[in-house]
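Protein chains in written order, with my numbering: chain B, 8 to 309; chain S, 8 to 309.
There are 2 protein chains.
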Amino acid sequence: MSILVVGSVAYDTIRTPTGEVQDALGGSATYFSAAASFFAPVKIIAAIGDDFSREQLSFLGERGTDLDGLHMMPGKTFRWTGVYNENMNERQTVCTELNVFERFQPHLSEGETHTPLLFLANIDPDLQNRILDQVQGARLIMSNTIHLWIEKKRETFLSTLDRVTVLMINDSEARALTGEYNLLKAGRRILLFGPKAVLITKGDNGVLMVMKDSVFTLPAYPKEEVCDPTGAGDSFAGGFMGYAAQASALNEMTYRTAAVYGSIMASFTIEAFGVERLRDLTRQEIEKRYREFVEITRFQGG
Amino acid sequence: MSILVVGSVAYDTIRTPTGEVQDALGGSATYFSAAASFFAPVKIIAAIGDDFSREQLSFLGERGTDLDGLHMMPGKTFRWTGVYNENMNERQTVCTELNVFERFQPHLSEGETHTPLLFLANIDPDLQNRILDQVQGARLIMSNTIHLWIEKKRETFLSTLDRVTVLMINDSEARALTGEYNLLKAGRRILLFGPKAVLITKGDNGVLMVMKDSVFTLPAYPKEEVCDPTGAGDSFAGGFMGYAAQASALNEMTYRTAAVYGSIMASFTIEAFGVERLRDLTRQEIEKRYREFVEITRFQGG
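Set out below in structure tokens:
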């Protein structure tokens, strides 16, 4: 099955303790597709400015990603500038220029509205709703958000939740959304708004997935060296949706295994700046790390 | 096999957002024994003051714990007062009165020196060394420490490390000891001082065990309600050593499974103030939660 992703394609300027890049290819849709394209066909819906070189995405095209949904609009491409702290567990957004993204109002084609899998990246919840209005009969819809929308468009964001299957949200966002520090409580609280599953990502502390009748908890793949955490969440989403797209059934065990693939994809992304590591990655490396992950989490009966 | 534990028996005064207790039974050796005694015979070596009522430990005696190593000394029992913050992820020590513990210089009996398993709780590293001087042929020695010793007796503490099999240390202590924020790096750095394994506990984010040629990572058992986190680490150690004491071999897989039992025991301890939950707990409840833990961590191939 193929996956439709609506998100950003961006130029990122990033400084971490290990170095700095300027105007590197980034954006939620880019990371997502770079990760998901190892597993399934992906179609990107995003806006780019007239300063954007489509060639930068040719590595995605080579993996079967459909780039026809890239709307080139007059003006500049979305730009984000961020600086990470010494331990790379916090970052500061120095500058966000929405540029063409601000006027982006995608209309899905007939084929796109019938997509079996949809990922709504951390875009404006009003835009998420407008996409959801157009989609029919999707088997798995995952969405994501950021603090900005929780603060500025809380009600609108909450209104999207009974229209999605899985909400992916990080720990601090889950706490901000619910006022609950305990993540199991926060997850259960979010479930009341309608999603079937709440996937709480905790950076290098792994993932907690809360569903109505079950809980799943997973450590992160331990990494000694981190180069750039940017895009880890969207890469996680790409691994998750990618695995789900080619699974024989969409059930809880599929979501669990998908979360492992999500962790694996995030662990690759953070090894280099931007999407660099995902450019030359191979499915063989992914499967090798999956087996390694199974090994490092194994215990008696587990 | 039986386990010898050298640590504290204390009266704790604890305030958490859920309530408060005064002069509740506590201390590292108490929590450790309360957890380990479900699995194996334990002998406690500790000092108590003449204000201590041995009856408080009778529940341990009923589980086969040997209390003959409780040295009653003139003066008051060790007392600790602590206050937890709203989220119970940080605590402030309001007051520590070492009392009789300050003069505690245990001499092990002939039988005690040949203990197959030894747990050195977070006592003064000078005292840890003096115990290690007396012990011969132990098959598994685990130790623990606190920030105080890392700050005040760093070199002495480091000198204990090539005499122990497993160092159990929490994340912030591992970072303080090594200057490394990354816990995998911190664990590898600590390994250089001699222990076979470094078990880094991360509270509700689980455990990372680093050995020379392998890494093991485990999430925590997710809990919605926490009453009092006091003693979670020592209960973890008790579950770990208890499981190891009755395992057929002391190898890496045993340590991994032992870490799961450690997590399970900690998850019970935090359900009530002090050691209360461990008083009426049953082995059946422990095994039930173990199976539940297997279930909530299961994924394809894992």
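All C-beta atoms in this analysis are idealised placements derived from N, C-alpha and C, irrespective of residue type, glycine included. Predicted model only: the values in this text are computed from it and were never measured.
Beta strand (DSSP E) segments (min. 3 residues) lying fully within the stretch 30-76 of chain B
With a minimum length of 3 residues, the continuous beta strand (DSSP E) runs that stay inside the stretch 30-76 of chain B are 49-56.
Looking only at DSSP bridge pairs, what is serine 221 (chain S) linked to?
DSSP, once it has assigned bridges, lists S:Met218 as partnering serine 221 (chain S).
Rounded straight-line distance, which links the Cα of aspartate 73 (chain B) to that of serine 79 (chain B)
Here residue 79 (chain B) is methionine; the residue named in the question, serine, does not match the sequence. Cα to Cα, methionine 79 (chain B) sits roughly 15 Å from aspartate 73 (chain B).
Please classify glutamine 141 (chain S): is it buried, with 16 or more other beta-carbons within 10 angstroms of its beta-carbon, or exposed?
Classification for glutamine 141 (chain S): exposed.
In chain order, what are the residue ranges of uninterrupted alpha helix (DSSP H) at least 4 long that sit wholly in the stretch 69-145 of chain B?
Within the stretch 69-145 of chain B, the runs of alpha helix (DSSP H) that reach at least 4 residues and sit entirely inside it are, in chain order, 117-120, 132-141.
Between the stretch 239-253 of chain S and chain B, which residues of the former have a C-beta closer than 9 Å to a C-beta of the latter?
For the stretch 239-253 of chain S, which is checked against every Cβ of chain B, not one residue is closer than 9 Å.
So leucine 174 (chain B) and alanine 145 (chain B) are supposed to be a Cβ contact under 8 Å. How far apart are they, rounded?
The beta-carbon separation of leucine 174 (chain B) and alanine 145 (chain B), rounded to 15 Å, does not stay under the 8 Å limit for a contact.
Expected contact under 8 Å - CB spacing of arginine 2 (chain B) and isoleucine 277 (chain B) to nearest Å:
Residue 2 (chain B) cannot be examined here, being either before or after the span of chain B that is shown, 8 to 309.
Just to confirm, is the Cβ distance from isoleucine 21 (chain B) to glycine 89 (chain B) under 7 Å?
In this structure, glycine 89 (chain B) lies closer than 7 Å to isoleucine 21 (chain B) by Cβ.
DSSP state of glycine 194 (chain B) mapped onto helix, strand, coil
Looking at glycine 194 (chain B) - three-state DSSP - the assignment turns out to be helix.
Proximity test, Cβ basis, 7 Å: asparagine 106 (chain S) and chain B:
Not a single C-beta of chain B is nearer than 7 Å to the C-beta of asparagine 106 (chain S).
Rounded to whole angstroms, how far is the Cβ of glycine 213 (chain S) from the Cβ of proline 202 (chain S), which I believe are closer than 8 Å?
The Cβ separation is near 20 Å, so there is no contact.
Hey, phenylalanine 280 (chain B) and alanine 31 (chain B): beta-carbon distance below 7 Å or not?
Yes, these two residues count as a Cβ contact at 7 Å.
For chain S, find out if any of its Cβ atoms is closer than 7 Å to the Cβ of lysine 219 (chain B); answer yes or no.
So no, lysine 219 (chain B) is outside the interface.
Could you spell out where the alpha helix (DSSP H) holding tyrosine 18 (chain B) opens and where it closes?
Per DSSP, tyrosine 18 (chain B) is not a residue of any alpha helix (DSSP H); the beta strand (DSSP E) it occupies stretches across 17-23.
Can you find at least 3 beta carbon pairs, one from the stretch 179-188 of chain S and one from the stretch 221-236 of chain S, that sit closer than 8 Å?
Contact between the stretch 179-188 of chain S and the stretch 221-236 of chain S is absent: fewer than three C-beta pairs spanning the two stretches fall below 8 Å.
Residues, ordered as in the chain, of the stretch 79-111 of chain B that lie near chain S by beta-carbon distance below 9 Å:
Going along the stretch 79-111 of chain B in chain order, one finds Glu93, Asn94, Met95, Asn96 with a Cβ nearer than 9 Å to chain S.
Under a CB-based cut-off of 7 Å, is arginine 137 (chain B) close to chain S?
Not one chain S Cβ lies under 7 Å of arginine 137 (chain B).
Contained alpha helix (DSSP H) runs [length at least 4] in the stretch 229-253 of chain S, N- to C-terminal order
Listed in chain order, they are 239-252.
Evaluate threonine 264 (chain B) with the Cβ neighbour count: other Cβ atoms within 10 Å of its Cβ, from every protein chain shown; 16 or more gives buried, anything less gives exposed.
Classification of threonine 264 (chain B): buried, given that the 10 Å Cβ count is 16 or more.
Is the beta carbon of threonine 208 (chain S) closer than 7 Å to that of glycine 177 (chain S)?
Rather than glycine, the amino acid found at residue 177 (chain S) in this sequence is asparagine. Yes, Cβ-Cβ distance for asparagine 177 (chain S) and threonine 208 (chain S) is below 7 Å.
Identify whether valine 282 (chain S) lies in helix, strand or coil by the three-state DSSP scheme.
Note: valine 282 (chain S) maps to coil in three-state DSSP.
Using the three-state DSSP reduction, which class does isoleucine 10 (chain S) fall into: helix, strand or coil?
Reduced to three states, the DSSP call for isoleucine 10 (chain S) is strand.
Exposure of proline 24 (chain B), with buried meaning 16 or more beta-carbon neighbours within 10 Å
Counting every other CB atom within 10 Å of its CB across the protein chains shown gives proline 24 (chain B) a total below 16, marking it as exposed.
Cross-chain neighbours of arginine 263 (chain S) in chain B, by beta carbon under 8 Å:
Correct list: Arg305, Phe306, Gln307.
So, using beta-carbon positions, are serine 60 (chain B) and valine 49 (chain B) closer together than 7 Å?
For the pair serine 60 (chain B) and valine 49 (chain B), the CB atoms are not nearer than the 7 Å cut-off.
Which residues share a DSSP beta bridge with isoleucine 148 (chain S)?
For isoleucine 148 (chain S), the pairing in a beta bridge is given by DSSP as S:Leu125.
Which residue wins for smallest C-alpha separation from isoleucine 98 (chain S), given the options S:Ser15, S:Leu64, S:Gly238, S:Val13?
Rather than isoleucine, the amino acid found at residue 98 (chain S) in this sequence is arginine. Among S:Ser15, S:Leu64, S:Gly238, S:Val13, the Cα nearest to that of arginine 98 (chain S) belongs to S:Gly238.
Give me, in chain order, the residues of the same chain whose beta-carbon lies closer than 7 Å to that of leucine 198 (chain S); leave out the 5 immediate sequence neighbours on both sides.
Contacts found: Val205, Val217, Lys219.
From what residue to what residue does the beta strand (DSSP E) around valine 205 (chain B) run?
In the DSSP annotation of this structure, the continuous segment of the beta strand (DSSP E) that includes valine 205 (chain B) starts and ends at 204-208.
Simplified DSSP state of leucine 288 (chain S), which is helix, strand or coil
In the structure shown, the three-state DSSP call for leucine 288 (chain S) is coil.
Could you please give me the residues that DSSP links to leucine 174 (chain S) through a beta bridge?
Leucine 174 (chain S) is bridged to S:Ser150, S:Val205.
Threonine 261 (chain S) versus threonine 152 (chain B): straight-line alpha-carbon distance, rounded
The alpha-carbon atoms of threonine 261 (chain S) and threonine 152 (chain B) are separated by roughly 41 Å.
So, for phenylalanine 275 (chain S): in the same chain, excluding its five sequence neighbours on each side, which residues have a beta-carbon less than 6 Å away from its beta-carbon?
Correct list, in chain order: Arg284, Leu288.
The alpha helix (DSSP H) spanning arginine 305 (chain S) covers which residue range?
Note, arginine 305 (chain S): premise wrong, no alpha helix (DSSP H); not H, not E.
Quick one: does proline 229 (chain B) have its CB under 7 Å from some CB of chain S?
Yes, contact with chain S.
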